[in-house]
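Notes for the one structure printed next.
Residue numbers (the working numbering): 1 to 442.
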């Protein structure tokens, strides 16, 4: 039985521990903080991420703390609709797309690790300092909460220590320093009444000015009867610290959305009524050519830090855990197993890292802004035809491992909400009023 140590008790490290346990291993986890708490904001868990959580055996609990995604709608900087698509099982995928609070997901994973492997599996207050490959394994140093240091040994060390990974820095000391993209994200939450159908993610604004993503991450939050809504704003500004817990000022971003008018959501009010606002710069980490040094292997953000767009960073980290557990279980030669893991995952994920430096499917809002000079349009079909948008979305979904059902057969997958009828229509078109983004010719 291999002695496996994991650095980091974030979602990547915890999910990997659960996957390893399913294969009969008993990994140990070392975490810097002295007490894990449910920090952070929202994660958009894609359909392949939900599949991973089902296979981990935690779907029922995950479902209880998350929100099913049904609609995804894109608007320009005036609140005019550009494009809409269904999400998850509503589009025809086998699995759901779900929205969740990152901290709640982390604590669910932590609780399952403790339940299945024991409370001593996760050692908190143990900061990783560095490693040394030795004959047949690896030694690594820790600084404990009382200031003392100690050395541990393992057959394999899995470094899931995040975007500021010390293991990555040691493994690649000459790697170019990361570069600031010029864009900072303001990430926050607001406790409010549900908007639209309560299951919709909104993509708002012209990137030339500012962008906003909004989605619900908890229903009846803490028994209030209200929904906890996650929002993310991107804008150009001076560089901030690459720290998930750096706080920001909402007054810097509210005026950027003064022209946005959406019938079912007052975005300015939502921003002002925030519970918390964090700043995070979009930093470009160059893709690595190697994730392995002897018996040390990088996973998650330590291996493939990508822009936090589209929910793929967290989901791909969880996928890493499943693959490495399978390789270590099925291949007796440890070094060969680690290489098989890298060969399977590195090319694919590095491609995603580079793709996320662009805007993915969010590029359609920039295209509309460029084609209209960020002014209101009359008919979106004259600006961005549905067929053109469909092709952009389908290429992106295929790249991240979730090809859109029906597209290859020539079936349209996107739509305009004014084409909806029945129950869905009333959520996006208030009773007695025309749809404000419907083409004038309709």
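Cβ atoms here follow ideal geometry from the backbone N, Cα and C, with glycine treated the same way.
Across the set 53, 69 and 70, the C-alpha of 53 shows the shortest separation from the C-alpha of residue 62. The beta carbon of residue 1 lies closer than 8 Å to those of 24, 25 and 26 in the same chain, with the five residues before and after it left out. Per DSSP, the continuous beta strand (DSSP E) segment holding residue 132 begins and ends at 126 to 134. The beta carbons of residue 216 and residue 227 sit about 5 Å from each other, so the pair counts as a contact at 8 Å.
If you compare the alpha carbons of 206, 406 and 405 with that of residue 74, the shortest gap goes to 206. Around the CB of residue 313, 16 or more other CB atoms lie within 10 Å, so the residue is classed as buried. At a cut-off of 4 residues, the continuous stretches assigned as alpha helix (DSSP H) that sit fully inside the segment 161 to 234 are 166 to 171. With fewer than 16 other beta carbons inside 10 angstroms of its own, residue 148 counts as exposed. In the structure shown, residue 152 falls within a strand segment according to DSSP collapsed to helix, strand and coil. Around the beta-carbon of residue 40, 16 or more other beta-carbon atoms lie within 10 Å, marking it buried. Secondary-structure assignment with DSSP links residue 281 through a beta bridge to 184.
By DSSP's assignment, residue 137 forms a beta bridge with 134. Here residue 182 is exposed, its C-beta having fewer than 16 other C-beta atoms within 10 Å. If you draw a 10 Å sphere on the C-beta of residue 76, you find 16 or more other C-beta atoms in it, and that means buried. Counting along the chain, residue 19 sits inside the alpha helix (DSSP H) bounded by residues 11 to 22. The distance from the Cβ of residue 331 to that of residue 218 is about 40 Å, inconsistent with a contact at the 8 Å cut-off.
Contact between residue 7 and residue 167 holds: CB atoms are separated by about 6 Å, below the 8 Å threshold.
Rounded to the nearest angstrom, the Cβ distance from residue 210 to residue 280 is 15 Å, too far for a contact under 8 Å. When DSSP states are grouped into helix, strand and coil, residue 143 belongs to the strand group.
The continuous alpha helix (DSSP H) containing residue 370 extends over residues 363 to 372. Closest in alpha carbon position to residue 337, among 325, 348, 347 and 346, is 325. Collapsing the DSSP output to three states places residue 396 in a helix. Approximately 6 Å separates the beta-carbon atoms of residue 109 and residue 15; this is inside 8 Å, confirming the contact.
Short of 7 Å from the beta carbon of residue 353, and not among the five residues preceding or following it, lie these beta carbons of its own chain, in chain order: 287, 304 and 306.
Of the candidates 302, 101 and 399, 101 places its Cα closest to the Cα of residue 37. In the displayed model, residue 411 falls within coil according to three-state DSSP, outside both helix and strand.
About 6 Å separates the CB atoms of residue 192 and residue 229; that is less than 8 Å, so the two are in contact. It is roughly 6 Å from the alpha-carbon of residue 90 to the alpha-carbon of residue 70.
Rounded to the nearest angstrom, the gap between the Cα atoms of residue 203 and residue 125 is 39 Å. If you draw a straight line from the Cα of residue 19 to the Cα of residue 290, it is about 23 Å long. Pairing residue 283 with residue 172 gives a Cβ-Cβ distance that is not under 8 Å.
Counting only residues of its own chain and dropping the five nearest sequence neighbours on each side, residue 201 has a CB closer than 8 Å to the CB of 44, 69, 71, 72, 73, 87, 99, 213, 214 and 215. Straight through space, the alpha carbons of residue 121 and residue 327 are spaced by roughly 22 Å.
If you check the CB distance, residue 345 and residue 323 come in under 8 Å.
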